[in-house]
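Peer 1: Pasting a structure below so you can have a look.
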């Protein structure tokens, strides 16, 4: 397994009271990072943050100030490292991990028929599904993704398996059986009837809720793939299931101009793409809309009015030539935005890669819309953490370091360059010693990858660790 610790042993390990000591970085607001160069965070056996001390690194004095913490485990940061909240991937297709890195020359609709649907259809083979799902979850954890909103396939057994794997590996996840009953979907990859779609969706919802058993780790999410894949009556029934269980829903909207034209042809009675979902009762505060690249003014107003959320996927939007979403405009309107890899439309399962592209895509957008639409590194980091947490309805539990929140965190290890210019080649980030903390974070944001992710915790449980970084 190379530099990675055995994930099975990690997840099975007991959660102890632990004091994490060192530098902590998280987003205080959309525009501002909170950087604590020396601090300590106490996490209890339930994985909750119990206390935060700033300017403190003397472990003995810290334990004396907190009754019952004398025997707590101590984990200290090394060198130029820091603790950062876990990433939240608000839009990822787990079965498509088998195609990750294959960038199509075609447009969205052609890409679906050429690459995506054939791969997803093969998940009737549970051995294949287990192989790809296991690697998908392991890979995203290695990139610091502690929470993911997953699209699965139409297959009930394979979708249940994805939930099992996420729980087994300790990743917080929303599991969605993809709903496809329209004749626009391939005959060999779709539900037979609308009733079939509803029945299977209900079965998965109930299975995942029972599997989680109140642990707050895996949850079902209603998943009509996108408007062309579902009949209107089917979406209405899916909305009823969503309301009945009080759960999230996810789908796509206005990703590609060809797709938008197809929606107009299939739903001529609807005012626009977003109205298709609204008329079915799906456009609400628990809906995650992926992409939103070509929204009309009326759609933006409606989405804000319904308090629906947006998953911004700039890597995928570039790879499939879909366009550039107007993120600054959405934020200015008060619409909640998070980030998504959109594997495998997106070529990487790393949210850090999405952070970079979020900033760069906004700069491309500024060519026509002006300087004000540019997004900063701090804003992109916010969207990857607090923004994503709000998208999935967990803003009071994850996305930052605050008392009462879950310890969903990662250690970012940054190598130091020695005086002779050697050393520190274990990671792609070079720190020479004169950089400010803002500079170090920027170097990680633009040069870093999974080699910088030394360890990852979800709800206080260690779920990923590089053996070269001892804890």
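Residue numbers (this note's numbering): 6 to 476.
All C-beta atoms, glycine included, are put in the ideal place defined by N, C-alpha and C.
In three-state terms, what does DSSP make of residue 358?
Peer 2: Counted from its first residue, the chain shown places residue 358 at position 353. Residue 358: helix per DSSP, three-state reduction.
Peer 1: If you drop the 5 nearest sequence neighbours on each side, which residues of the same chain put their C-beta closer than 7 Å to that of residue 406?
Peer 2: Working through the chain shown from its first residue, we reach residue 406 at position 401. Taken in chain order, the residues that qualify are 29, 31, 46, 54, 57 and 90.
Peer 1: Going by CA-CA distance only, name the one from 431, 411 and 454 that's closest to residue 48.
Peer 2: Stepping through the chain shown from its first residue, residue 48 is reached at position 43. Comparing Cα-Cα distances from residue 48 to each of 431, 411 and 454, the minimum goes to 411.
Peer 1: Count Cβ pairs between the stretch 356-375 and the stretch 432-447 that sit closer than 8 Å; are there 3 or more?
Peer 2: Contact fails: fewer than three Cβ-Cβ distances are below 8 Å.
Peer 1: On the DSSP bridge list, what partners appear for residue 88?
Peer 2: Along the chain shown, one-based indexing puts residue 88 at 83. In DSSP, residue 88 forms a bridge with 29 and 416.
Peer 1: Going residue by residue through the stretch 258-338, where are the continuous beta strand (DSSP E) segments of at least 3 residues, counting only ones entirely within it?
Peer 2: You should have 292-296 and 314-317.
Peer 1: How would you write the range of the alpha helix (DSSP H) that residue 125 sits in, first residue to last?
Peer 2: The residue you call residue 125 lines up with position 120 of the chain shown. Run containing residue 125: 122-126, per the alpha helix (DSSP H) assignment.
Peer 1: Can you tell me whether residue 206 is helix, strand or coil according to DSSP?
Peer 2: Taking the chain shown and counting its residues from 1, one reaches residue 206 at position 201. Of the three classes helix, strand and coil, the one that applies to residue 206 here is helix, per DSSP.
Peer 1: What do you reckon, are the CB atoms on residue 392 and residue 345 nearer than 7 Å?
Peer 2: Taking the chain shown and counting its residues from 1, the one referred to as residue 392 is at position 387. Taking the chain shown and counting its residues from 1, the one referred to as residue 345 is at position 340. It is not a contact, given that the beta carbons lie outside the stated cut-off.
Peer 1: What are the complete alpha helix (DSSP H) segments, minimum 4 residues, inside the stretch 133-191?
Peer 2: Runs found: 161-174.
Peer 1: Let me make sure I understand the geometry here. Which of 247, 248 and 179 has the alpha-carbon closest to that of residue 221?
Peer 2: Numbered from its first residue, the chain shown carries residue 221 at position 216. Here the closest residue by C-alpha is 179.
Peer 1: Per DSSP, residue 48 is paired with what?
Peer 2: Locating residue 48 in the chain shown gives position 43, counting from the first residue. Residue 48 pairs with 23 and 54.
Peer 1: Using 10 angstroms around the beta-carbon of residue 446, count the other beta-carbons present and answer buried if the total reaches 16, otherwise exposed.
Peer 2: Here residue 446 refers to the residue found at position 441 when the chain shown is read from its first residue. Buried: at least 16 other Cβ atoms inside 10 Å.
Peer 1: Just reading off the beta strand (DSSP E) that residue 80 is part of, what are its end residues?
Peer 2: Translated into the one-based positions of the chain shown, residue 80 becomes position 75. First-last of the beta strand (DSSP E) with residue 80: 78-81.
Peer 1: Residue 246: beta carbon under 6 Å from a heavy atom of the ligand FMN?
Peer 2: The ligand content of the structure shown is nil, which means the ligand FMN is not present either.
Peer 1: Go ahead and pull the three-state DSSP assignment for residue 3.
Peer 2: Summary: the structure shown does not reach residue 3, with the chain confined to residues 6 through 476, and so no result is reported for it.
Peer 1: Where do the N-terminal and C-terminal ends of the beta strand (DSSP E) with residue 247 fall, by residue?
Peer 2: Here residue 247 refers to the residue found at position 242 when the chain shown is read from its first residue. It is not in any beta strand (DSSP E) - residue 247 instead sits in the alpha helix (DSSP H) that spans 237-250.
Peer 1: Do residue 293 and residue 316 have their C-beta atoms within less than 7 Å of each other?
Peer 2: Walking along the chain shown from the start, residue 293 turns up at place 288. Walking along the chain shown from the start, residue 316 turns up at place 311. A contact, by the Cβ cut-off of 7 Å.
Peer 1: May I ask you to report which of helix, strand or coil DSSP gives residue 466?
Peer 2: Counted from its first residue, the chain shown places residue 466 at position 461. Strand at residue 466.
Peer 1: Does the stretch 271-289 come within contact of the stretch 117-137, defined as at least 3 CB pairs closer than 8 Å?
Peer 2: Short answer: they don't touch.
Peer 1: Nearest to residue 229 by alpha carbon, out of 158, 269, 414 and 166?
Peer 2: In the chain shown, the residue the question calls residue 229 occupies position 224. Nearest C-alpha to residue 229: 158.
Peer 1: With three or more beta-carbon pairs closer than 8 Å as the criterion, would you say the stretch 303-321 touches the stretch 117-126?
Peer 2: Contact fails: fewer than three Cβ-Cβ distances are below 8 Å.
Peer 1: Sorted by chain position, which residues of the same chain lie with C-beta nearer than 8 Å to residue 440's C-beta, five sequence neighbours on each side aside?
Peer 2: On the chain shown, residue 440 is found 435 positions in, with the first residue counted as 1. So the list reads 448, once near-sequence residues are dropped.
Peer 1: Any idea which residues DSSP pairs residue 403 with across the strands?
Peer 2: Working through the chain shown from its first residue, we reach residue 403 at position 398. DSSP lists no partner for residue 403.
Peer 1: Going by beta-carbon coordinates alone, are residue 363 and residue 386 separated by less than 7 Å?
Peer 2: One-based indexing of the chain shown puts residue 363 at position 358. One-based indexing of the chain shown puts residue 386 at position 381. No, Cβ-Cβ distance for residue 363 and residue 386 is not below 7 Å.
Peer 1: Could you check what DSSP says for residue 211 in three-state terms: helix, strand or coil?
Peer 2: If you number the chain shown from 1, residue 211 lands on position 206. Residue 211: helix per DSSP, three-state reduction.
Peer 1: Identify which residue in 152, 388, 66 and 202 has its Cα closest to the Cα of residue 462.
Peer 2: Within the chain shown, numbered from 1, the residue matching residue 462 stands at position 457. Of 152, 388, 66 and 202, the residue nearest in Cα terms is 152.
Peer 1: Using the three-state DSSP reduction, which class does residue 421 fall into: helix, strand or coil?
Peer 2: For the purposes of this step, residue 421 is taken as the residue at position 416 of the chain shown. In the structure shown, residue 421 sits in a strand (DSSP, three-state: E or B).
Peer 1: Take residue 324 and list the residues in its own chain whose beta-carbon comes closer than 7 Å to its own, dropping the five residues that flank it on each side.
Peer 2: Translated into the one-based positions of the chain shown, residue 324 becomes position 319. Only 108, 350, 351 and 352 meet the Cβ criterion.
Peer 1: Just the Cα atoms here: how many angstroms apart are residue 51 and residue 218?
Peer 2: Indexing the chain shown from 1 puts residue 51 at position 46. Indexing the chain shown from 1 puts residue 218 at position 213. The straight-line gap from Cα to Cα measures roughly 15 Å.
Peer 1: So for residue 216, helix, strand or coil by DSSP?
Peer 2: Stepping through the chain shown from its first residue, residue 216 is reached at position 211. Helix at residue 216.
Peer 1: From residue 438 to residue 457, what distance separates their C-alpha atoms?
Peer 2: Counting from one through the chain shown, the residue named residue 438 turns up at place 433. Counting from one through the chain shown, the residue named residue 457 turns up at place 452. One C-alpha to the other measures close to 17 Å.
Peer 1: Could you pull out every residue in the same chain whose Cβ sits closer than 7 Å to the Cβ of residue 71, ignoring the five residues on either side in sequence?
Peer 2: By one-based count along the chain shown, residue 71 stands at place 66. Hits under 7 Å: 47 and 56.
Peer 1: Could you say if the stretch 138-157 and the stretch 169-179 meet the contact criterion of at least three C-beta pairs nearer than 8 Å?
Peer 2: Cβ pair count under 8 Å is three or more, so yes.
Peer 1: Looking at C-beta atoms only, is the number of pairs between the stretch 72-83 and the stretch 32-39 that lie closer than 8 Å three or more?
Peer 2: Contact between the stretch 72-83 and the stretch 32-39 is absent, because fewer than three Cβ pairs lie under 8 Å.
Peer 1: Can you give the Cα-Cα distance for residue 366 and residue 100, rounded to whole angstroms?
Peer 2: Position 361 of the chain shown, counted from the start, is the residue given in the question as residue 366. Position 95 of the chain shown, counted from the start, is the residue given in the question as residue 100. The straight-line gap from Cα to Cα measures roughly 27 Å.
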